[in-house]
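Remarks on the structure that follows.
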Amino acid sequence: MNAHQRPSRLKSALLLTSLLGLAGTAGAATQVDNAWVRATVPGQHASGAFMDLTASSDSKLVDVQSPVAKNVQIHQSSMHNDVMSMQQVDAIALPAGKKVSLDTHGYHVMLMELTGQIKVGDKVPLTLIVENAKGEKESIKVQAEARALDAPDHSMMQH
Amino acid sequence: MRGFLPVWLFKGRYFMSVLLTRRTLLTSAGVLGLGLLAGCDNSPRLSFKYGKDLSNQILGRTFKLTDSQGETKSLSSYRGLMPMIFFGFTQCPAVCPTTLARAAQAKKLMGRDGERLKVVFITLDPERDTPEVLDAYVKAFDPSFEALYGSLEETAATAKEFGVFYEKIPSGSTYTLSHTATSFVYDSRGTLRLGLSQSLNAQECAEDLLTVMEVC
Numbered sequence: 014m015n016a017h018q019r020p021s022r023l024k025s026a027l028l029l030t031s032l033l034g035l036a037g038t039a040g041a042a043t044q045v046d047n048a049w050v051r052a053t054v055p056g057q058h059a060s061g062a063f064m065d066l067t068a069s070s071d072s073k074l075v076d077v078q079s080p081v082a083k084n085v086q087i088h089q090s091s092m093h094n095d096v097m098s099m100q101q102v103d104a105i106a107l108p109a110g111k112k113v114s115l116d117t118h119g120y121h122v123m124l125m126e127l128t129g130q131i132k133v134g135d136k137v138p139l140t141l142i143v144e145n146a147k148g149e150k151e152s153i154k155v156q157a158e159a160r161a162l163d164a165p166d167h168s169m170m171q172h
Numbered sequence: 010m011r012g013f014l015p016v017w018l019f020k021g022r023y024f025m026s027v028l029l030t031r032r033t034l035l036t037s038a039g040v041l042g043l044g045l046l047a048g049c050d051n052s053p054r055l056s057f058k059y060g061k062d063l064s065n066q067i068l069g070r071t072f073k074l075t076d077s078q079g080e081t082k083s084l085s086s087y088r089g090l091m092p093m094i095f096f097g098f099t100q101c102p103a104v105c106p107t108t109l110a111r112a113a114q115a116k117k118l119m120g121r122d123g124e125r126l127k128v129v130f131i132t133l134d135p136e137r138d139t140p141e142v143l144d145a146y147v148k149a150f151d152p153s154f155e156a157l158y159g160s161l162e163e164t165a166a167t168a169k170e171f172g173v174f175y176e177k178i179p180s181g182s183t184y185t186l187s188h189t190a191t192s193f194v195y196d197s198r199g200t201l202r203l204g205l206s207q208s209l210n211a212q213e214c215a216e217d218l219l220t221v222m223e224v225c
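The structure is reproduced here in structure tokens:
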């Protein structure tokens, strides 16, 4: 930081501020956008969380935690001959600078064994654990907004 | 049908009211199970813009499942309507809500014709999907949607009858399901017509659904 202080002090300060604002964690290397969770009906035991992730260096999403679910897993769904398959994966690769979307077509976060109903408008706390190439772990806290059960998947709208 | 109506009615300001009358006639005839008299097209094949023509396949003729009110339902329960059958489970995070939301949107896009579309959700996970959860789940998309369930054996037999693949995938202490995501659409006489794949959007589905309605 010192080396850059004289020529672009303001720029650095602005960049730092924006990073703080976006990720909510000082020095965060991964940006989280459009985080949302699908609301549930009473008695429904699972739901999904979706978001866009952009890491500043090659990283991977290795874990997600949430107080609303006893069991949180990272899943990948795929379609073959109109059969939808879902599988748990260990991690999601986040290549440097590339936006990786967790949506209904590919990767998503499964919130299983929910502790209660998720209602529209609820702010669902999620803690994302992102590991960079050096093995350093970053913990990112996100408040994901609960959208209606019938909320359209935004990537679906682009068809 | 048009043959029954005086030609002059198709001219000028009478045109709209005749169309309405014709639709009302078709709807009431369909509801009464008089599809044939209302001029059903018996063609063995249909041409759809987006979906798959399933007119030559016989699926879903014998299933008997239970609705959330405890009533037994079979394909004939939906005579006069256009049932669209989809298999899934409520703990499905992506494809099931997306498909049901798409169905609700297509129904709206179809306008008054959409009133005849009957969306039927059959659970592949009767162990966890209780009738109460199922009912609340489908009605969150549209109050007219209906959910059916059966025992494990009935569920397996129904899926087999439809050629629907499903499989439990253990996932930590719990499980998810892989399953066929096709929506099966019947005409008002209970003849299977259309298969809608998961990749289609609501507008595309609505267009093909209207094609089914033209047939019967």
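If you read the sequences in order, they're chains S and D. Residue numbering for the first sequence follows this note's numbering, beginning at 14 and increasing consecutively. Residue numbering for the second sequence follows this note's numbering, beginning at 10 and increasing consecutively. Think of the CB as a built atom: it goes at the ideal place given N, C-alpha and C, for glycine as much as any other residue. From a predicted model like this one, the values you see are computed outputs, not experimental measurements.
Continuous beta strand (DSSP E) stretch holding residue i: start and end
| i | result |
| --- | --- |
| S/M64 | 59-68 |
| D/L161 | Element bounds for D/L161: not the beta strand (DSSP E) but the alpha helix (DSSP H), 161-171. |
| D/K58 | Unbroken run through D/K58: none, as it is neither H nor E. |
| S/Q100 | 96-101 |
| S/R160 | 150-160 |
| D/G97 | 91-97 |
| D/S176 | The residue asked about is misnamed: residue 176 of chain D is Glu in this sequence, not Ser. Taken as a continuous stretch (DSSP letters only), the beta strand (DSSP E) holding D/E176 covers 175-180. |
| D/S206 | D/S206 -> no beta strand (DSSP E), and no H or E assigned at all. |
| S/D4 | No information on residue 4 of chain S is available, as it lies outside the stretch 14 to 172 that chain S covers here. |
| D/H188 | 183-189 |
| D/E155 | 155-158 |
| S/I105 | 105-107 |
Bridge partner(s) assigned by DSSP for residue i
| i | result |
| --- | --- |
| D/Q114 | BP columns for D/Q114 are empty, so no partner. |
| S/K112 | S/T67 |
| S/Q86 | S/M123 |
| S/D46 | S/D65 |
| S/I142 | S/D76, S/S152 |
| S/H93 | S/V96 |
| D/L126 | D/M91 |
Proximity test, Cβ basis, 8 Å: residue i and chain D
| i | result |
| --- | --- |
| S/P165 | yes |
| S/N84 | yes |
| S/T43 | no |
| S/R160 | no |
| S/T117 | yes |
| S/G61 | yes |
| S/P55 | yes |
| S/S90 | yes |
| S/M64 | no |
| S/D76 | no |
| S/D95 | yes |
| S/Q101 | yes |
| S/S98 | yes |
| S/E126 | yes |
Which of helix, strand or coil DSSP assigns to residue i
| i | result |
| --- | --- |
| D/Q78 | coil |
| S/L124 | strand |
| D/M222 | helix |
| D/L43 | Confidence in D/L43 is poor, its pLDDT being 45 and thus under 50, which makes the residue's placement unreliable; the coordinate value appears in the next sentence. Correct three-state label for D/L43: coil. |
| D/S197 | coil |
| D/T132 | strand |
| D/L66 | For the record, residue 66 of chain D in the displayed sequence is Gln; it is not Leu. Reduced to three states, the DSSP call for D/Q66 is coil. |
| D/D217 | helix |
| S/P165 | coil |
| S/T53 | coil |
| S/V137 | strand |
| D/R202 | strand |
| D/S192 | strand |
| S/V81 | coil |
| D/Q212 | helix |
| D/G120 | helix |
| D/C49 | coil |
| D/P152 | coil |
| D/S85 | helix |
| D/T6 | For residue 6 of chain D there is no data in the structure shown, the boundaries of chain D being 10 and 225. |
Continuous alpha helix (DSSP H) stretch holding residue i: start and end
| i | result |
| --- | --- |
| D/P140 | 140-148 |
8 Å Cβ cutoff, residue i in contact with chain S
| i | result |
| --- | --- |
| D/Q4 | The requested residue 4 of chain D is not part of the displayed model; chain D covers only 10 to 225. |
| D/E163 | no |
| D/F174 | yes |
| D/I8 | This structure cannot settle anything about residue 8 of chain D, because the visible part of chain D is limited to 10 through 225. |
| D/V104 | yes |
| D/E136 | no |
| D/Q78 | no |
| D/E141 | yes |
| D/A113 | yes |
| D/S153 | no |
| D/T167 | no |
| D/Y146 | yes |
Residue i beta carbon near the ligand ZN (any heavy atom closer than 7 Å)
| i | result |
| --- | --- |
| S/D95 | This structure simply doesn't include the ligand ZN, nor any ligand for that matter. |
Are the stretch 113-123 of chain S and the stretch 55-69 of chain S touching by the rule of at least three beta carbon pairs closer than 8 Å?
-> Yes, the stretch 113-123 of chain S is in contact with the stretch 55-69 of chain S.
Evaluate contact between the stretch 198-215 of chain D and the stretch 53-69 of chain D, counting only Cβ atoms and requiring at least three cross-stretch pairs below 8 Å.
-> Three or more Cβ pairs drawn from the stretch 198-215 of chain D and the stretch 53-69 of chain D lie within less than 8 Å of each other, which places the two stretches in contact.
Any contact of the stretch 91-111 of chain S with the stretch 127-141 of chain S, i.e. 3+ C-beta pairs under 8 Å?
-> The stretch 91-111 of chain S, when compared against the stretch 127-141 of chain S, does not touch it at the 8 Å Cβ threshold.
The stretch 155-166 of chain D touching the stretch 130-141 of chain D, judged by at least three CB pairs closer than 8 Å | The way I'd put it, the stretch 155-166 of chain D does touch the stretch 130-141 of chain D; three or more beta-carbon pairs between them come closer than 8 Å.
Are at least three pairs of beta-carbons, each pair with one atom in the stretch 191-207 of chain D and one in the stretch 82-98 of chain D, less than 8 Å apart?
-> Contact between the stretch 191-207 of chain D and the stretch 82-98 of chain D is present, with at least three C-beta pairs closer than 8 Å.
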